[in-house]
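Enquirer:
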């Protein structure tokens, strides 16, 4: 399993593609993740008064499959195909000076772009807020949205920037010394959110 993006206080982004087992307390199982996404879908539709002009953009790595799942839930409820894409935030990260060598992520902007759209950014864990800030900077270069919202599966607190999620699957109060690991079938072969203790304060 990748180290959760909340492992590094300077930035929320995790390392993709690592799927080793994670020990700890399971705080969300597969069924609970599914229910959380369905609830978020209903909340988005209620706030937006339907699916008109919605675009979902997932923040890699695990925000991308979450965005696709969320789009499927929106379709189940509303019967409408909501455009889904992914954002490559690599060049907008504020830790590039300390970690300059990074693999570029995949960028997929839905046909029709983001101009005049209500864009919902989707991520797995909200921690310091720096990943979201980078996503907002990336989005600003793609066009002028009508509005931007944020949906996250887990909000673990400890914000370093004034950023708040509009839609949250689970608020999970944590210590900075704890690690929150989101595992998704598309990346890790299973669905669960695990919280575990680590040595020291990251």
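Residue numbers (the working numbering): 1439 to 1640. Cβ atoms here follow ideal geometry from the backbone N, Cα and C, with glycine treated the same way.
Going along the chain, which residues of its own chain have a beta-carbon closer than 6 Å to the beta-carbon of residue 1564, five neighbours each way excluded?
Expert: The residue you call residue 1564 lines up with position 126 of the chain shown. Answer for residue 1564: 1590, 1593, 1603, listed in chain order.
Enquirer: Give the list of continuous alpha helix (DSSP H) stretches no shorter than 4 residues that lie fully inside the region 1468-1542.
Expert: Segments of the alpha helix (DSSP H) lying fully in the region 1468-1542: 1468-1486, 1501-1516.
Enquirer: Considering Cα atoms alone, identify which of 1577, 1486, 1512, 1519 is closest to residue 1526.
Expert: Here the question's residue 1526 lines up with position 88 in the chain shown. Selected option, being the one with the closest Cα: 1577.
Enquirer: Could you spell out the range, first to last residue, of the alpha helix (DSSP H) harbouring residue 1624?
Expert: In the chain shown, counting from the first residue as 1, residue 1624 sits at position 186. Element bounds for residue 1624: 1623-1626.
Enquirer: Hey, could you find the ends of the alpha helix (DSSP H) residue 1604 is sitting in?
Expert: Here the question's residue 1604 lines up with position 166 in the chain shown. Element bounds for residue 1604: n/a, residue is neither H nor E.
Enquirer: What alpha helix (DSSP H) runs, 4 residues minimum, are completely inside the region 1568-1612?
Expert: 1568-1580
Enquirer: According to DSSP, simplified to helix, strand and coil, what is residue 1561?
Expert: Counting from one through the chain shown, the residue named residue 1561 turns up at place 123. In the structure shown, residue 1561 sits in a strand (DSSP, three-state: E or B).
Enquirer: With a threshold of 16 other CB atoms inside 10 Å of the CB of residue 1511, please say whether the residue is buried or exposed.
Expert: Translated into positions along the chain shown, residue 1511 becomes position 73. So residue 1511 ends up on the buried side.
Enquirer: Expressed to the nearest angstrom, what Euclidean distance is found between the alpha-carbon atoms of residue 1463 and residue 1475?
Expert: Taking the first residue of the chain shown as 1, we reach residue 1463 at position 25. Taking the first residue of the chain shown as 1, we reach residue 1475 at position 37. Spanning the two alpha carbons is a distance of roughly 21 Å.
Enquirer: If you compare alpha carbons, which of 1623, 1559, 1630, 1548 is closest to residue 1585?
Expert: Locating residue 1585 in the chain shown gives position 147, counting from the first residue. Ranking the options by Cα distance to residue 1585, first place goes to 1559.
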